[in-house]
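Heads up: the structure comes next, in C-alpha coordinates.
Here it is as C-alpha coordinates:
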(Lines of atoms letter the chains of each structure in order from A; the text may use other names.)
(Lines give C-alpha, C1' and ligand atoms only; values in the text may rest on other atoms or scores of the structure.)
Protein backbone atom coordinates (compact mmCIF):
# COMPACT_ATOMS: atom_id res chain seq x y z
CA UNK A 358 0.00 0.00 0.00
CA UNK A 359 2.19 2.79 -1.33
CA UNK A 360 1.45 6.38 -0.36
CA UNK A 361 3.57 9.46 -0.48
CA UNK A 362 3.94 12.82 1.20
CA UNK A 363 1.61 13.69 4.07
CA UNK A 364 -0.39 10.48 3.60
CA UNK A 365 2.57 8.09 3.81
CA UNK A 366 1.40 6.58 7.09
CA UNK A 367 4.09 3.91 7.26
CA UNK A 368 7.05 6.29 6.95
CA UNK A 369 5.51 8.93 9.22
CA UNK A 370 4.67 6.39 11.93
CA UNK A 371 8.17 4.90 11.68
CA UNK A 372 9.67 8.37 12.09
CA UNK A 373 7.44 8.97 15.11
CA UNK A 374 8.30 5.55 16.56
CA UNK A 375 12.03 6.22 16.29
CA UNK A 376 11.57 9.16 18.68
CA UNK A 377 9.20 7.24 20.96
CA UNK A 378 10.67 3.81 21.66
CA UNK A 379 11.04 4.04 25.43
CA UNK A 380 7.96 2.62 27.27
CA UNK A 381 7.86 5.45 29.83
CA UNK A 382 8.09 8.11 27.13
CA UNK A 383 5.35 6.34 25.16
CA UNK A 384 3.12 6.34 28.25
CA UNK A 385 3.79 10.03 28.90
CA UNK A 386 2.77 10.91 25.35
CA UNK A 387 -0.29 8.69 25.57
CA UNK A 388 -1.41 10.65 28.62
CA UNK A 389 -0.49 14.16 27.48
CA UNK A 390 -0.90 14.50 23.70
CA UNK A 391 -4.71 14.50 23.55
CA UNK A 392 -5.06 16.94 26.49
CA UNK A 393 -2.86 19.35 24.51
CA UNK A 394 -5.24 19.01 21.57
CA UNK A 395 -8.29 19.43 23.83
CA UNK A 396 -7.02 22.52 25.65
CA UNK A 397 -6.02 24.11 22.33
CA UNK A 398 -9.66 23.80 21.30
CA UNK A 399 -10.73 25.43 24.56
CA UNK A 400 -8.74 28.53 23.63
CA UNK A 401 -9.86 28.44 19.98
CA UNK A 402 -13.47 28.53 21.18
CA UNK A 403 -13.03 32.26 21.71
CA UNK A 404 -12.11 32.98 18.09
CA UNK A 405 -14.66 34.73 15.82
CA UNK A 406 -17.45 32.50 14.52
CA UNK A 407 -18.96 32.19 11.07
CA UNK A 408 -22.16 30.58 12.28
CA UNK A 409 -23.56 29.19 15.54
CA UNK A 410 -26.28 26.87 16.61
CA UNK A 411 -27.75 26.30 20.03
CA UNK A 412 -29.88 23.86 21.97
CA UNK A 413 -27.42 20.98 21.80
CA UNK A 414 -27.91 19.14 25.06
CA UNK A 415 -24.58 17.64 26.08
CA UNK A 416 -24.10 16.27 29.58
CA UNK A 417 -27.16 18.27 30.70
CA UNK A 418 -25.67 21.54 29.45
CA UNK A 419 -26.87 23.67 26.55
CA UNK A 420 -23.81 25.43 25.17
CA UNK A 421 -23.44 27.35 21.94
CA UNK A 422 -21.26 25.52 19.44
CA UNK A 423 -19.53 27.92 17.09
CA UNK A 424 -18.26 27.22 13.61
CA UNK A 425 -15.08 29.17 14.26
CA UNK A 426 -11.35 28.46 14.00
CA UNK A 427 -11.76 25.70 16.59
CA UNK A 428 -14.23 23.93 14.32
CA UNK A 429 -12.01 24.40 11.25
CA UNK A 430 -9.03 23.13 13.26
CA UNK A 431 -11.02 20.05 14.27
CA UNK A 432 -12.29 19.45 10.73
CA UNK A 433 -8.78 19.57 9.26
CA UNK A 434 -7.47 17.07 11.81
CA UNK A 435 -10.48 14.76 11.44
CA UNK A 436 -10.39 14.65 7.63
CA UNK A 437 -6.63 14.16 7.59
CA UNK A 438 -6.82 11.22 10.00
CA UNK A 439 -9.51 9.52 7.90
CA UNK A 440 -7.24 10.04 4.89
CA UNK A 441 -4.37 8.32 6.70
CA UNK A 442 -6.38 5.23 7.62
CA UNK A 443 -10.14 4.76 7.30
CA UNK A 444 -10.71 2.60 10.41
CA UNK A 445 -8.39 4.11 13.01
CA UNK A 446 -8.73 7.48 11.33
CA UNK A 447 -12.51 7.44 11.70
CA UNK A 448 -12.12 6.71 15.42
CA UNK A 449 -9.58 9.52 15.71
CA UNK A 450 -11.92 11.85 13.81
CA UNK A 451 -14.73 10.99 16.23
CA UNK A 452 -12.45 11.74 19.17
CA UNK A 453 -11.60 15.09 17.56
CA UNK A 454 -15.29 15.98 17.31
CA UNK A 455 -15.89 14.93 20.93
CA UNK A 456 -12.93 17.07 22.00
CA UNK A 457 -14.33 20.04 20.08
CA UNK A 458 -17.77 19.64 21.67
CA UNK A 459 -16.33 19.07 25.14
CA UNK A 460 -13.92 21.97 24.84
CA UNK A 461 -16.81 24.21 23.74
CA UNK A 462 -18.82 23.21 26.81
CA UNK A 463 -15.89 23.85 29.13
CA UNK A 464 -14.88 27.15 27.52
CA UNK A 465 -18.49 28.38 27.55
CA UNK A 466 -18.75 27.72 31.28
CA UNK A 467 -15.31 29.06 32.24
CA UNK A 468 -15.31 32.26 30.20
CA UNK A 469 -12.17 33.63 28.59
CA UNK A 470 -10.75 35.26 31.75
CA UNK A 471 -10.44 31.86 33.46
CA UNK A 472 -10.15 29.58 30.42
CA UNK A 473 -6.83 30.98 29.18
CA UNK A 474 -5.27 30.41 32.62
CA UNK A 475 -6.48 26.80 32.70
CA UNK A 476 -5.22 26.25 29.16
CA UNK A 477 -1.82 27.80 29.92
CA UNK A 478 -1.35 25.66 33.03
CA UNK A 479 -2.42 22.48 31.24
CA UNK A 480 -0.24 23.17 28.19
CA UNK A 481 2.83 23.93 30.31
CA UNK A 482 2.29 20.79 32.38
CA UNK A 483 1.76 18.51 29.38
CA UNK A 484 4.62 19.93 27.31
CA UNK A 485 6.97 19.80 30.30
CA UNK A 486 6.02 16.15 30.83
CA UNK A 487 6.80 15.32 27.23
CA UNK A 488 10.17 17.08 27.29
CA UNK A 489 11.03 15.17 30.47
CA UNK A 490 10.00 11.97 28.70
CA UNK A 491 12.43 12.70 25.89
CA UNK A 492 15.28 14.06 27.98
CA UNK A 493 15.21 11.63 30.90
CA UNK A 494 13.81 8.42 29.43
CA UNK A 495 14.10 8.51 25.63
CA UNK A 496 17.36 10.46 25.75
CA UNK A 497 16.60 11.90 22.33
CA UNK A 498 15.31 15.33 21.35
CA UNK A 499 11.57 15.42 20.50
CA UNK A 500 10.46 15.00 16.91
CA UNK A 501 9.16 18.56 16.73
CA UNK A 502 12.75 19.76 16.35
CA UNK A 503 13.02 17.76 13.12
CA UNK A 504 9.42 17.63 11.88
CA UNK A 505 7.14 20.36 13.19
CA UNK A 506 4.14 19.32 11.09
CA UNK A 507 4.27 15.77 12.42
CA UNK A 508 4.63 16.92 16.02
CA UNK A 509 1.45 18.98 15.93
CA UNK A 510 -0.71 17.44 13.20
CA UNK A 511 0.07 13.73 13.41
CA UNK A 512 0.91 13.14 17.09
CA UNK A 513 -2.70 12.64 18.35
CA UNK A 514 -3.38 10.03 15.67
CA UNK A 515 -0.09 8.23 16.26
CA UNK A 516 -0.76 8.03 20.00
CA UNK A 517 -4.16 6.47 19.27
CA UNK A 518 -2.63 4.08 16.73
CA UNK A 519 -0.03 3.06 19.31
CA UNK A 520 -2.80 2.25 21.82
CA UNK A 521 -4.81 0.28 19.23
CA UNK A 522 -1.70 -1.65 18.27
CA UNK A 523 -0.73 -2.49 21.86
CA UNK A 524 -4.22 -3.26 23.16
CA UNK A 525 -5.81 -4.95 20.14
CA UNK A 526 -2.98 -5.78 17.75
CA UNK A 527 -4.52 -3.46 15.17
CA UNK A 528 -2.64 -2.59 12.00
CA UNK A 529 -3.90 -0.55 9.03
CA UNK A 530 -2.94 -3.35 6.64
CA UNK A 531 -1.11 -6.70 6.86
CA UNK A 532 2.61 -6.31 7.41
CA UNK A 533 2.34 -2.69 8.52
CA UNK A 534 3.91 -3.12 11.95
CA UNK A 535 6.73 -5.41 10.83
CA UNK A 536 7.68 -2.91 8.15
CA UNK A 537 7.43 0.00 10.59
CA UNK A 538 9.54 -1.86 13.15
CA UNK A 539 12.34 -2.38 10.61
CA UNK A 540 12.32 1.30 9.70
CA UNK A 541 12.33 2.35 13.37
CA UNK A 542 15.32 0.13 14.10
CA UNK A 543 17.17 1.48 11.05
CA UNK A 544 16.40 5.08 12.08
CA UNK A 545 17.58 4.54 15.67
CA UNK A 546 20.74 2.77 14.48
CA UNK A 547 21.57 5.63 12.08
CA UNK A 548 20.95 8.19 14.84
CA UNK A 549 23.19 6.31 17.30
CA UNK A 550 25.98 6.05 14.72
CA UNK A 551 25.74 9.75 13.95
CA UNK A 552 25.77 10.54 17.67
CA UNK A 553 28.92 8.46 18.17
CA UNK A 554 30.66 10.21 15.28
CA UNK A 555 29.99 13.60 16.86
CA UNK A 556 31.36 12.43 20.18
CA UNK A 557 34.64 11.19 18.66
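Numbering (my numbering), first residue to last: 358 to 557.
Quick reminder that beta carbons are idealized off the backbone N, C-alpha and C, glycines included.
| Asked | Found |
| --- | --- |
| Between the segment 438-451 and the segment 375-386, do three or more beta carbon pairs fall short of 8 Å? | no |
| In whole angstroms, what is the alpha-carbon distance linking residue 511 and residue 442? | 12 Å |
| Please return the same chain residues whose Cβ sits closer than 6 Å to the Cβ of residue 534, not counting the five positions on each side in sequence. | 528 |
| What three-state label does DSSP hand residue 379 in the structure shown? | coil |
| Do the segment 423-443 and the segment 397-409 meet, that is, are 3 or more Cβ pairs less than 8 Å apart? | yes |
| Give the straight-line distance between the Cα atoms of residue 551 and residue 499, rounded to the nearest whole angstrom. | 17 Å |
| Indicate the three-state DSSP secondary structure (helix, strand or coil) for residue 527 in the structure shown. | coil |
| For my contact list, residue 353 and residue 515 are in at a C-beta cut-off of 8 Å; report their separation, rounded to the angstrom. | Residue 353 cannot be examined here, being either before or after the span of the chain that is shown, 358 to 557. |
| Which word fits residue 548, buried or exposed, when buried means at least 16 other C-beta atoms lie within 10 angstroms of its C-beta? | exposed |
| Which class does residue 425 belong to by DSSP, given the choice of helix, strand or coil? | strand |
| Measure the CB-CB distance between residue 461 and residue 422 and report whether it falls below 8 Å. | yes |
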